[in-house]
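J.:
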Amino acid sequence: MRDAARCRQCGAEVAAGLLACPACGALTHADELNRLAATAAAAPTPSEALASWRDALALLPPESRQHRLIVGKIDELRREVDGERAPVKAAPSQTGRRTGLAGAAVAVLALLAKFKFAIFFLLTKVKFLLLGLSKGGTVLTMLASFGVYWALWGWKFAAGLVGSIYVHEMGHVERLRRYGIPATAPMFIPGFGALIRLRANPQSSIEDARVGLAGPLWGLGAALVCWIAGVATGSAMWLAIAGVGAWINLFNLMPVWQLDGSRAFRALSRLQRWMACASLVVAFLVTHEGLLILLAIVAAVRAIGRDAPAQGDQRTLVDYIFLVATLSALALAQPASQPQ
35 MRDAARCRQC GAEVAAGLLA CPACGALTHA DELNRLAATA AAAPTPSEAL ASWRDALALL
95 PPESRQHRLI VGKIDELRRE VDGERAPVKA APSQTGRRTG LAGAAVAVLA LLAKFKFAIF
155 FLLTKVKFLL LGLSKGGTVL TMLASFGVYW ALWGWKFAAG LVGSIYVHEM GHVERLRRYG
215 IPATAPMFIP GFGALIRLRA NPQSSIEDAR VGLAGPLWGL GAALVCWIAG VATGSAMWLA
275 IAGVGAWINL FNLMPVWQLD GSRAFRALSR LQRWMACASL VVAFLVTHEG LLILLAIVAA
335 VRAIGRDAPA QGDQRTLVDY IFLVATLSAL ALAQPASQPQ
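For the sequence shown, this note's numbering begins at 35 and goes up steadily by one.
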C-alpha cells in the first residue's frame, strides 16, 4: 500500500489520492498545476490552452477557489472557440418585448447562415476527415460494417452509408478537439452505427450540447452533398444515400438516453424545449415523416420534466430547429424504389 506523503507547507500527512492537504488546504499538485498554467498561457491556439486547463481541472478539489476560476477560464475560451461574445446583462429598461423580438431576429439570421455552413463545410474539412482514416481500428471496423451493409443492399449503397456515419462521428471528434477534449477516432459496430470514446468529459451542459449536435450538423453536410450529386446526375443511389443519412441523423435528435438530441435538451430551458417540440410538430405537418411524431412525444415529455436549466442556450435551440427542418426535408429524398 502506498505510504501517505507529507505536505510541503505544514508537514501534515496527505493520503494518496487527495488533491489538497487536509490540514492547511495546500494543493497536492501545485508544481504540476503551475506547469499546466504556463503551458496554457503559452499555447498558440485556444483549443490547446483548453486542453491544458482541463488537465489542471482534474488536479483541483471541486470546491476550491482555483477550480471555480479555471471553470470560468474554460468557459471563456470555449466562447472564443465558438466565436461568441461574453454574455452582457441588459439594463431593466432594455428587457421585455423589444429584447425578445431582437433575440428572435438573431435566431432567424443564425438559421439562414447555417445553410452556408452545411453546404460548404466538407470543402474545408477534407484533411481532417482523412486523418480519422489513418487509424487502424477505425478502418478495420469500418470494413466490417461495410461488409454487412454490402450483403444487405449492395456495395455502392453500403459505401455511401458507412461514409455518412463516419462523417457524423468525425463531427463529434472535431468539436471535442476544438474544446481541448481528447477523443478516439470512430469505431464502427456493424448494424448499430459507430461510436467514439472520450478521455475527458465536457465541463458544462452547453459544451455537451454543442458536441452532441456537431454530429448531426456534419451528417447534414454529408447528406446535402449526396443529394446534390443525386440531383446533378439523376442517380437514385445518391438520393437514397442522402435520404437514409438524413433519417439516421434525424433519429439522433430524439431527446432520450445518450442520443445527440438528449445532450442538446440538457442545455435548453423549459420554454426552449417546448419551442423545439413545436418545430418537430410543424416539420411533421409539412413532411408527414412519421419519425417526427415519436420525436415530438419524447420532446414533450422532456419539456414537462424538471431538469431544465433556468437559462437556456439560444445557439443550441437554433441548431436543433435548423437540423429538424433540413433533415426532415432531406429524409424525403429517398426514391420510391430501392436503388440497384
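Yeah, the Cβ is synthetic: ideal placement off N, Cα and C, and Gly gets one too. Please read all numbers here as calculations on a predicted model, not as lab measurements.
#1: Relative to the C-alpha of THR321, which residue among GLN237, ASP353 and LEU364 is closest?
#2: Let me know the secondary structure DSSP gives SER362 once reduced to three states.
#3: For the beta strand (DSSP E) containing ILE223, list its first residue and its last residue.
#4: Roughly how many angstroms lie between the CA atoms of ILE327 and GLN306, to the nearest whole one?
#5: If you draw a straight line from the C-alpha of GLU47 to the C-alpha of LEU293, how long is it?
#6: Residue range of the beta strand (DSSP E) that LEU229 falls in?
#7: From GLN345 to ARG244, what does the alpha carbon distance come to, in whole angstroms?
#8: Output the distance between the C-alpha atoms of LEU254 and GLY51, rounded to the nearest integer angstrom.
#9: Once you ignore the five residues that flank MET15 on each side, which residues in its own chain have a CB closer than 7 Å to its CB?
#10: Examine the Cβ distances between the stretch 203-217 and the stretch 281-290 and report whether three or more of them are shorter than 8 Å.
#11: Is ALA280 helix, strand or coil by DSSP?
#12: Check for me: the alpha helix (DSSP H) holding HIS202 runs from which residue to which?
#13: Taking Cβ positions, are LEU273 and GLY264 nearer each other than 8 Å?
#14: Among residues of its own chain, excluding the 5 on either side of ARG300, which ones have a beta-carbon nearer than 7 Å to its beta-carbon?
#15: In terms of residue numbering, what span does the alpha helix (DSSP H) encompassing SER303 cover?
#16: Please list the terminal residues of the continuous alpha helix (DSSP H) segment that includes ILE240.
#17: On the DSSP bridge list, what partners appear for GLU377?
#18: Nearest-angstrom Cα distance between MET35 and PRO96?
#19: With a threshold of 16 other CB atoms inside 10 Å of the CB of VAL335, please say whether the residue is buried or exposed.
#20: Run through the DSSP bridge pairs and tell me what ALA71 is partnered with.
#21: My understanding is that ALA234 touches PRO220, with C-beta atoms under 8 Å, so please give their C-beta distance in whole angstroms.
#22: Drop a sphere of 10 angstroms on the beta-carbon of CYS58, count the other beta-carbons inside from all chains shown, and report buried for 16 or more, exposed for fewer.
#23: Quick one: residues in its chain with C-beta nearer than 7 Å to the C-beta of TRP308, no 5 flanking neighbours on either side, listed in chain order?
#24: Buried or exposed: where does ALA90 fall if 16 or more other Cβ atoms within 10 Å of its Cβ makes it buried?
#25: Once you ignore the five residues that flank GLU323 on each side, which residues in its own chain have a CB closer than 6 Å to its CB?
#26: If you draw a straight line from the alpha carbon of CYS260 to that of ALA266, how long is it in whole angstroms?
#27: Taking only three categories from DSSP, how would you classify LEU61?
#28: Kindly indicate which residue of ARG211, ALA333 and ALA310 has the alpha-carbon position closest to the one of GLN348.
#29: What did DSSP end up calling LEU232 once you bin it into helix, strand or coil?
#30: In terms of residue numbering, what span does the alpha helix (DSSP H) encompassing TRP87 cover?
#31: Between which two residues does the alpha helix (DSSP H) carrying LYS107 extend?
#32: Alpha carbon to alpha carbon, how far is ALA77 from ARG69? Give it in angstroms, no decimals.
T.: With the given structure in hand:
#1: Selected option, being the one with the closest Cα: LEU364.
#2: SER362 falls in the helix class under three-state DSSP.
#3: Following the DSSP letters along the chain, one finds ILE223 inside the beta strand (DSSP E) bounded by residues 221-223.
#4: Going from the Cα of ILE327 to the Cα of GLN306 covers about 18 Å.
#5: GLU47 and LEU293 have their C-alpha atoms some 45 Å from each other.
#6: Note, LEU229: beta strand (DSSP E), 227-229.
#7: Roughly 16 Å separates the two Cα atoms.
#8: Their backbone Cα atoms lie some 45 Å apart in a straight line.
#9: Residue 15 lies beyond the stretch modelled for the chain, which goes from 35 to 374, so this question has no answer here.
#10: These segments do not touch.
#11: Three-state DSSP puts ALA280 in a helix.
#12: HIS202 -> alpha helix (DSSP H) spans 189-212.
#13: Yes, these two residues count as a Cβ contact at 8 Å.
#14: If the five residues before and after ARG300 are omitted, its C-beta is found closer than 7 Å to the C-beta atoms of SER239, ASP242 and ALA243, all from its own chain and listed in chain order.
#15: No alpha helix (DSSP H) holds SER303; DSSP gives it neither H nor E.
#16: Element bounds for ILE240: 239-267.
#17: The structure shown has nothing for residue 377, since the chain only spans 35 to 374.
#18: Unreliable positioning characterises MET35 in this predicted model, as indicated by a pLDDT of 43, which lies under 50. The coordinate reading is nonetheless provided below. If you take the alpha carbons of MET35 and PRO96, they lie about 26 Å apart.
#19: By the neighbour-count rule (16 or more Cβ atoms within 10 Å), VAL335 is not buried but exposed.
#20: Paired residues: none, contrary to the question.
#21: Contact flag wrong, Cβ pair sits at about 18 Å.
#22: Result: exposed.
#23: In the same chain as TRP308, and ignoring 5 residues on each side of it, the C-beta atoms closer than 7 Å to its own belong to ALA337, in chain order.
#24: By the Cβ neighbour-count rule, ALA90 is buried, with 16 or more other Cβ atoms within 10 Å of its own.
#25: So the list reads SER362 and ALA365, once near-sequence residues are dropped.
#26: One C-alpha to the other measures close to 10 Å.
#27: Of the three classes helix, strand and coil, the one that applies to LEU61 here is strand, per DSSP.
#28: Relative to GLN348, the option among ARG211, ALA333 and ALA310 whose CA is nearest is ALA310.
#29: Correct three-state label for LEU232: strand.
#30: First-last of the alpha helix (DSSP H) with TRP87: 80-91.
#31: 99-115 is the span of the alpha helix (DSSP H), which, as asked, contains LYS107.
#32: ARG69 and ALA77 have their C-alpha atoms some 12 Å from each other.
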